[in-house]
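Novice: Protein chains in written order, with my numbering: chain A, 16 to 264; chain B, 80 to 333.
Backbone N, C-alpha and C fix where the C-beta goes; we use that ideal spot for every residue, glycine too.
So that we are looking at the same thing, I have put the structure below in structure tokens.
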């Protein structure tokens, strides 16, 4: 287990799928949220990020896909420095990254089918209607929601929305999936189902995952490694068992 | 006062940057033809009943209100021409544009604002889909094209409303009524009035999109985006109208 003393010990390594070094981010003059975050994620690893609300977890993963721009720091995803990419280059990296938003962010004006077809059609040239239908059905089967294919997002429960959000992410077959609080707002049983789904998808598709959560049950189930953010830095790092045994907070 | 002025200048510069981004993206492929046609249908076709009712009432009321004065001067025969000129040059463009500012600009502001606060725009961005191109460019192009069509439609309905108004007190055939209108219309009356409606359409779309697309997080900002879109678009319509009238006047006096 590493504590904050080891915070600056990382080197940016090309072997890792995500390399973050010295990430700083602030909102306004006196509101520095990230104060030099360092972490790495290996291929196929599930990294869980824990931390209080406002500790900058969501901002951190938004930086990984270029939704937020970091003030300072090195941020390599799939071997590319995110900060130095053009819009087109960034989009080609984004195609290899999936992002599950906190509230799933489904397109309200589209049905479940259309939510899945929308990104697929845009990024798959010469794809036939049959191939699209098959991809949609297969992906919905993976998340256990074939029966909801023609429903609108407003007709879905919180858990179903998360599943559809995940299906929309999976349909583009990403190498990395970033989860922003995947179990927030769900009851314990649905939370467990979502956590198990994350794990089964990771095993089936051999994806790398970064999971932001407050949910310790989710962390225990899904994490290969956990980092805890506090005061804008990585305060602790280790497996769930190591952190549980720790006497620190 | 300083803060107020600062806000105005800051908003103006942000809208200008937003407009520049529109012109940069509009000529770059891929072109979102399907979404553009869908927006034309939603923003244009769906506004037809409202524009028709308003246009008809404006034509009818204008005729009924003007008739006694015209009759006093024995100029009742000029009434069709006067109504048609008023409708084409000023009433139909302004009323239609204001209705569209209320219906379309606020609708776009609320729709994009709610997409922004529920992270749907971010979801598009991370799926490597350009949300500006898909959501903003298509809507601005749709309003720029549809508002002039709606105005021409309102002109026709308004002129027909005038015909109905004329026939309350007198008996005029539609042929004679239209003949009188065509006698008094000139090319210079129609073209500037139509050109300005493209600007109305562009600003109605752009202000709605700008307010929605830049809504900050929180549901409160959705209402604020819709509300401020109507206010700003209505103000922009009057300013454009004033400039258009001045320019037409200058051109006519050359």
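Taking only the alpha-carbon atoms, compute the straight-line gap between residue 35 of chain A and residue 312 of chain B and give it to the nearest angstrom.
Specialist: For the purposes of this step, residue 35 of chain A is identified with residue 20 of the first chain, where counting begins at 1. For the purposes of this step, residue 312 of chain B is identified with residue 233 of the second chain, where counting begins at 1. So the alpha carbons of these two residues sit roughly 45 Å apart.
Novice: Using a cut-off of 7 Å between C-beta atoms, extract the partners of residue 208 of chain B located in chain A.
Specialist: Here residue 208 of chain B corresponds to residue number 129 of the second chain, with the count starting at 1. By Cβ distance, chain A contributes 134 and 137.
Novice: Closer than 9 Å, CB to CB, is residue 21 of chain A near chain B or not?
Specialist: Here residue 21 of chain A refers to the residue found at position 6 of the first chain. The predicted position of residue 21 of chain A is uncertain, since its pLDDT is 42 and thus under 50; a value taken from the coordinates is nonetheless stated next. No, its Cβ sits nowhere closer than 9 Å to a Cβ of chain B.
Novice: Check distances from the C-beta atoms of the segment 105–124 of chain A to those of chain B and list, in chain order, the residues that come in under 9 Å.
Specialist: Here the close residues are 105, 106, 107, 108, 109, 110, 112, 113, 114, 116, 117, 118, 119, 120, 121, 122, 123 and 124.
Novice: Using 8 Å as the cut-off, can you tell me whether the segment 60–69 of chain A makes contact with the segment 217–237 of chain A, which would need three or more C-beta pairs spanning the two stretches below that distance?
Specialist: Yes, the segment 60–69 of chain A is in contact with the segment 217–237 of chain A.
Novice: Just grab the DSSP bridge partners of residue 35 of chain A for me.
Specialist: Here residue 35 of chain A refers to the residue found at position 20 when the first chain is read from its first residue. In DSSP, residue 35 of chain A forms a bridge with A:54 and A:90.
Novice: When the Cα atoms are used, what is the spatial distance from residue 140 of chain B to residue 243 of chain B?
Specialist: On the second chain, residue 140 of chain B is found 61 positions in, with the first residue counted as 1. On the second chain, residue 243 of chain B is found 164 positions in, with the first residue counted as 1. Their Cα atoms are separated by approximately 10 Å.
Novice: Let me know the beta strand (DSSP E) ranges lying completely inside the segment 131–210 of chain A, each 3 residues or longer, listed in chain order.
Specialist: As far as the segment 131–210 of chain A is concerned, its whole beta strand (DSSP E) runs of at least 3 residues are 191–195.
Novice: At a Cβ threshold of 9 Å, is residue 145 of chain B touching chain A?
Specialist: Indexing the second chain from 1 puts residue 145 of chain B at position 66. Not an interface residue.
Novice: Which residues in the same chain have their Cβ closer than 7 Å to the Cβ of residue 167 of chain B, if we skip the five residues on either side of it in sequence?
Specialist: Numbered from its first residue, the second chain carries residue 167 of chain B at position 88. Excluding residues within five positions, the ones whose Cβ falls inside 7 Å are 234, 268, 269 and 272.
Novice: Output the distance between the C-alpha atoms of residue 49 of chain A and residue 89 of chain A, rounded to the nearest integer angstrom.
Specialist: Here the question's residue 49 of chain A lines up with position 34 in the first chain. Here the question's residue 89 of chain A lines up with position 74 in the first chain. Using only the alpha carbons, I get a separation of about 13 Å.
Novice: Return helix, strand or coil for residue 158 of chain B, following the three-state DSSP convention.
Specialist: Residue mapping note: residue 158 of chain B aligns to position 79 of the second chain, counting from 1. Residue state, collapsed to three classes: helix.
Novice: Kindly say whether residue 118 of chain B, judged by its beta-carbon, lies nearer than 9 Å to any beta-carbon of chain A.
Specialist: If you number the second chain from 1, residue 118 of chain B lands on position 39. Answer no: the Cβ-Cβ gap between residue 118 of chain B and chain A never drops below 9 Å.
Novice: List, in order along the chain, the chain B residues whose C-beta lies closer than 7 Å to that of residue 80 of chain A?
Specialist: In the first chain, counting from the first residue as 1, residue 80 of chain A sits at position 65. Under the 7 Å cutoff, chain B gives 205.
Novice: Mapping DSSP to helix, strand and coil, what is residue 270 of chain B?
Specialist: As a working note, residue 270 of chain B is residue 191 in the second chain. In the structure shown, residue 270 of chain B sits in a helix (DSSP, three-state: H, G or I).
Novice: Closest Cβ-Cβ distance between residue 187 of chain A and chain B: below 9 Å?
Specialist: For the purposes of this step, residue 187 of chain A is taken as the residue at position 172 of the first chain. Yes - at least one Cβ of chain B is within 9 Å of the one on residue 187 of chain A.
Novice: For residue 24 of chain A, would you say it is in contact with chain B, using Cβ-to-Cβ distances shorter than 9 Å as the test?
Specialist: What you label residue 24 of chain A is simply residue 9 of the first chain in a count that begins at 1. Any reading at residue 24 of chain A needs caution, since the residue's pLDDT is 43, under 50, leaving its predicted position unreliable; the model's value is listed next. Answer no: the Cβ-Cβ gap between residue 24 of chain A and chain B never drops below 9 Å.
Novice: Are residue 76 of chain A and residue 249 of chain A close, meaning C-beta to C-beta below 9 Å?
Specialist: Position 61 of the first chain holds residue 76 of chain A. Position 234 of the first chain holds residue 249 of chain A. No, Cβ-Cβ distance for residue 76 of chain A and residue 249 of chain A is not below 9 Å.
Novice: Do the segment 100–119 of chain A and the segment 175–189 of chain A make contact, defined as three or more Cβ pairs closer than 8 Å?
Specialist: With the cut-off at 8 Å, the segment 100–119 of chain A and the segment 175–189 of chain A touch.
Novice: Between which two residues does the alpha helix (DSSP H) harbouring residue 220 of chain B extend?
Specialist: As a first step, residue 220 of chain B is located in the second chain; it is residue number 141 there, counting from the start. Here the alpha helix (DSSP H) through residue 220 of chain B covers 217–248.
Novice: Taking CB distances under 9 Å as the criterion, tell me whether residue 77 of chain A reaches chain B.
Specialist: Here residue 77 of chain A refers to the residue found at position 62 of the first chain. Output row for residue 77 of chain A: interface = yes.
Novice: For residue 249 of chain B and residue 187 of chain B, what's the separation of their Cα atoms in angstroms?
Specialist: On the second chain, position 170 is the one that residue 249 of chain B refers to. On the second chain, position 108 is the one that residue 187 of chain B refers to. Taking the straight line from one Cα to the other gives about 45 Å.
Novice: Taking the C-alpha atoms as reference points, what is the distance between residue 191 of chain B and residue 216 of chain A?
Specialist: As a working mapping, residue 191 of chain B is identified with position 112 in the second chain. As a working mapping, residue 216 of chain A is identified with position 201 in the first chain. For residue 191 of chain B and residue 216 of chain A, the distance between alpha carbons rounds to 32 Å.
Novice: According to DSSP, simplified to helix, strand and coil, what is residue 111 of chain A?
Specialist: Here residue 111 of chain A refers to the residue found at position 96 when the first chain is read from its first residue. Of the three classes helix, strand and coil, the one that applies to residue 111 of chain A here is coil, per DSSP.
Novice: Could you pull out every unbroken alpha helix (DSSP H) segment of at least 4 residues lying fully inside the segment 258–317 of chain B, listed in chain order?
Specialist: Segments of the alpha helix (DSSP H) lying fully in the segment 258–317 of chain B: 266–292.
Novice: Count the CB pairs spanning the segment 112–127 of chain A and the segment 175–187 of chain A that are closer than 8 Å, and state whether there are at least three.
Specialist: At 8 Å Cβ cutoff, the stretches touch.
Novice: Could you spell out where the beta strand (DSSP E) holding residue 252 of chain A opens and where it closes?
Specialist: Against the first chain, residue 252 of chain A aligns to sequence position 237. That run of the beta strand (DSSP E) goes 248–253.
Novice: Provide the residue(s) that pair with residue 61 of chain A in DSSP beta bridges, ordered along the chain.
Specialist: On the first chain, position 46 is the one that residue 61 of chain A refers to. According to DSSP, residue 61 of chain A bridges with A:224.
Novice: Report yes or no: do the segment 196–205 of chain B and the segment 113–122 of chain A share at least 3 C-beta pairs separated by less than 8 Å?
Specialist: Yes, they touch.
Novice: I believe residue 315 of chain B touches residue 282 of chain B by the beta-carbon criterion, under 8 Å. Please report the beta-carbon distance rounded to the nearest angstrom.
Specialist: For the purposes of this step, residue 315 of chain B is taken as residue 236 along the second chain, with counting starting at 1. For the purposes of this step, residue 282 of chain B is taken as residue 203 along the second chain, with counting starting at 1. The pair is a contact, with the Cβ atoms about 4 Å apart (cut-off 8 Å).
Novice: Quick one: what's residue 95 of chain A bridged to in DSSP?
Specialist: Position 80 of the first chain holds residue 95 of chain A. Answer is A:92, bridged to residue 95 of chain A.
Novice: Mind checking residue 245 of chain B: buried by the 16 CB within 10 Å criterion, or exposed?
Specialist: Indexing the second chain from 1 puts residue 245 of chain B at position 166. With 16 or more other Cβ atoms within 10 Å, it is buried.
Novice: Let me see if you follow: with CB-CB separation under 9 Å, is residue 198 of chain B close to chain A or not?
Specialist: The sequence position of residue 198 of chain B within the second chain is 119, counting from 1. Taking Cβ atoms only, chain A reaches closer than 9 Å to residue 198 of chain B, which makes this a yes.
Novice: The beta strand (DSSP E) spanning residue 244 of chain A covers which residue range?
Specialist: To locate residue 244 of chain A, count along the first chain from 1; it is residue 229. Segment 240–245, the beta strand (DSSP E) holding residue 244 of chain A.
Novice: Taking the C-alpha atoms as reference points, what is the distance between residue 79 of chain A and residue 41 of chain A?
Specialist: On the first chain, residue 79 of chain A is found 64 positions in, with the first residue counted as 1. On the first chain, residue 41 of chain A is found 26 positions in, with the first residue counted as 1. Cα to Cα, the separation comes out at about 16 Å.
Novice: Please check if any C-beta of chain B sits within less than 9 Å of the C-beta of residue 183 of chain A.
Specialist: Counting from one through the first chain, the residue named residue 183 of chain A turns up at place 168. It does: the Cβ of residue 183 of chain A has a partner Cβ on chain B nearer than 9 Å.
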